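Chemist: Here it is, the structure, as C-alpha cells.
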Amino acid sequence: MKMKTIKVGRNDPCPCGSGLKHKKCCLGKSDTGIEDLEASYFRKYNIRLKKAADIDGIRMAGRLVLDTLDLVESKIKPGITTDDLNTLAHEFTIKNGATPAPLNYRGFPKSICVSINEVICHGIPGNRVIKDGDIVNVDVTSILNGFYADANKTFFAGNPGPDARKIVVIARECLRRGMATVKPGNTIGDIGWNIQTYAEAQGCSVVREFVGHGVGFGFHEAPQIPHFGHKGAGIGLIPGMVFTIEPMINLGQKDLRILDDKWTAVTKDGRLSAQFEQTVLVTENGAESLTPYE
Ligand code: MF3
Ligand code: CO
Ligand code: CO
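Pasting the structure below:
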C-alpha cells in the first residue's frame with residue numbers, strides 16, 4: 001500500500017473516530033490503565049485485533065490466495081502475456097466463491113498485480129509478453145466470506161541471469177527475516193530494522209513509498225508496516241494483530257517513479273526489483289502465517 005504520513009492538528013477530527021476534535025479527545029491523553037489493550041489499540045492506532053473466528057476466515061482466504069499463486073506459477077513461461085495470468089487468476093478466484101480485491105480498488109482495472117523486472121509493484125496486467133529470464137511478481141488478494149488475505153511471490157520465467165537470481169533470493173530472505181521478528185515484545189520498527197539491515201548489507205536497497213499493512217476485515221487497515229526503520233521504534237506487537245510484510249527490494253537505488261497509468265511503480269535506475277509478501281498473525285508465542293509458504 002501507499003505510504004501515508006498523517007499529521008493531525010489540534011482542531012482536526014480525532015483519528016480515533018469519535019467525531020470530536022482531536023484536542024477534545026485523544027490528544028495528549030495518557031493510558032488510564034482501565035482500558036483493555038484491544039480498546040486502546042483501536043483508540044490509539046485504529047488497529048482492529050482479530051479473534052479466533054476472524055483468524056479462521058482469513059486463513060481460508062489465505063489458502064485460496066496460495067492456490068491461486070500456485071496455479072499462476074504453473075503457467076508462467078516465455079510467450080504468455082500478463083493479461084493471460086490475470087484471466088487465469090480471476091476465473092479461479094470466482095470459481096472458488098471469492099472476489100479479487102484489486103479489481104476496481106481505487107480504480108485499479110485488473111484482478112491481480114503482475115510486476116516484471118524493473119517494475120517494483122502494482123503492474124497492471126495487459127499485453128506485455130513475458131520473456132526468457134524475466135522475474136515476474138504476482139500479487140494476489142482475495143476476499144472470501146468477507147475476509148481478506150494478501151500474498152505475493154516473485155517467479156522466474158525460463159532461465160534467470162545472476163542479477164535476477166540474486167535479487168529474488170535476497171527479497172525472499174528479507175521477508176523471512178521480517179517474519180522471524182514477529183512476536184509479542186518486539187515492535188513494528190524491529191521488523192523494518194531487520195529487513196533494512198540485511199538488504200543494505202547485501203548492497204541492495206529498500207523501497208520507502210510502499211509498506212505492509214493491517215489486513216483481514218479490509219484490504220489496507222492500520223497499522224502500516226515499513227520495511228525500514230529503527231530497532232525498538234513504533235507500536236508494540238500484541239497477539240491478534242494481523243498484517244502483511246511485503247518488502248520491495250531493489251538491486252540498485254531505492255528511488256522509484258510512477259508511470260502515466262498512475263499505478264505502475266518502476267525503479268528510477270531501471271534495475272531489477274523483487275518482492276515477497278505474506279499475511280502474518282501475531283500469536284502469544286510468535287507468529288503464524290495465514291498465507292504460509294516456504
Ligand atoms: N496487493 C497489494 C498489496 O500488497 C495492493 C495492490 S493495490 C491494487 O498491498 F489496487 F493495485 F491492487
Ligand atoms: Co499487501
Ligand atoms: Co499484496
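Letter 133 of the sequence shown, counting from 1, is numbered 133 in our numbering, and no numbers are missing. We put the beta carbon where it would ideally sit given N, CA and C, even for glycine. All values derive from a computational prediction rather than experimental measurement.
Is T244 a contact residue of ligand 1, with contact defined as CB to any heavy atom under 7 Å?
Modeler: Within the cutoff, so yes.
Chemist: Return yes when the C-beta of M60 is under 7 Å from any heavy atom of ligand 2, and no when it is not.
Modeler: Checking the Cβ of M60 against ligand 2 gives no.
Chemist: What are the partner residues of R43, as DSSP defines its beta bridges?
Modeler: Note: R43 sits in no beta bridge, so no partner.
Chemist: What's the C-alpha gap between T283 and P184?
Modeler: When rounded, the distance between both Cα atoms is 7 Å.
Chemist: Once DSSP output is grouped into helix, strand and coil, what is the label at H122?
Modeler: In the structure shown, H122 sits in coil (DSSP, three-state: anything other than H, G, I, E or B).
Chemist: Tell me whether P102 sits in a helix, a strand or coil according to DSSP, three-state version.
Modeler: If DSSP states are grouped into helix, strand and coil, P102 belongs with coil.
Chemist: Are there any heavy atoms of ligand 1 lying less than 7 Å away from the beta-carbon of C113, as far as the coordinates show?
Modeler: Yes, the Cβ of C113 comes within 7 Å of a heavy atom of ligand 1.
Chemist: Using only the alpha-carbon positions, how far apart do T32 and N159 sit?
Modeler: At T32, the pLDDT of 48 sits below 50, so the modelled position is not reliable; the number obtained from the coordinates is stated separately. So the alpha carbons of these two residues sit roughly 59 Å apart.
Chemist: What are the boundary residues of the beta strand (DSSP E) that includes M248?
Modeler: M248 to N250 is the extent of the beta strand (DSSP E) around M248.
Chemist: In the DSSP output, which residue or residues are listed as bridge partners for Q275?
Modeler: According to DSSP, Q275 bridges with M248.
Chemist: Look at the alpha carbon of P125 and the alpha carbon of R172, and state the distance between them as a whole number of angstroms.
Modeler: Taking the straight line joining both Cα atoms gives about 23 Å.
Chemist: Contact check, F298 vs N152 under 8 Å by CB: the rounded distance?
Modeler: The structure shown does not extend to residue 298, since the chain spans only 1 to 294, so no value can be given for it.
Chemist: Could you say if the segment 136–144 and the segment 59–76 meet the contact criterion of at least three C-beta pairs nearer than 8 Å?
Modeler: With a cut-off of 8 Å, the segment 59–76 and the segment 136–144 count as touching, because enough Cβ pairs lie within range.
Chemist: Just to confirm the assignment: which complete alpha helix (DSSP H) runs, minimum length 4, are found wholly within the segment 177–204?
Modeler: Whole alpha helix (DSSP H) segments, 4+ residues: 188–201.
Chemist: Any heavy atom of ligand 5 closer than 7 Å to the CB of D150?
Modeler: Ligand 5 is absent from the structure shown, which contains only ligand 1, ligand 2 and ligand 3.
Chemist: When burial is assigned at 16 or more other CB atoms within 10 Å of the CB, is Q278 buried or exposed?
Modeler: So Q278 counts as buried.
Chemist: Given P109, which residues of its chain have a CB within under 7 Å of its CB, disregarding the five upstream and five downstream residues?
Modeler: Closer than 7 Å at Cβ, skipping near neighbours: I124.
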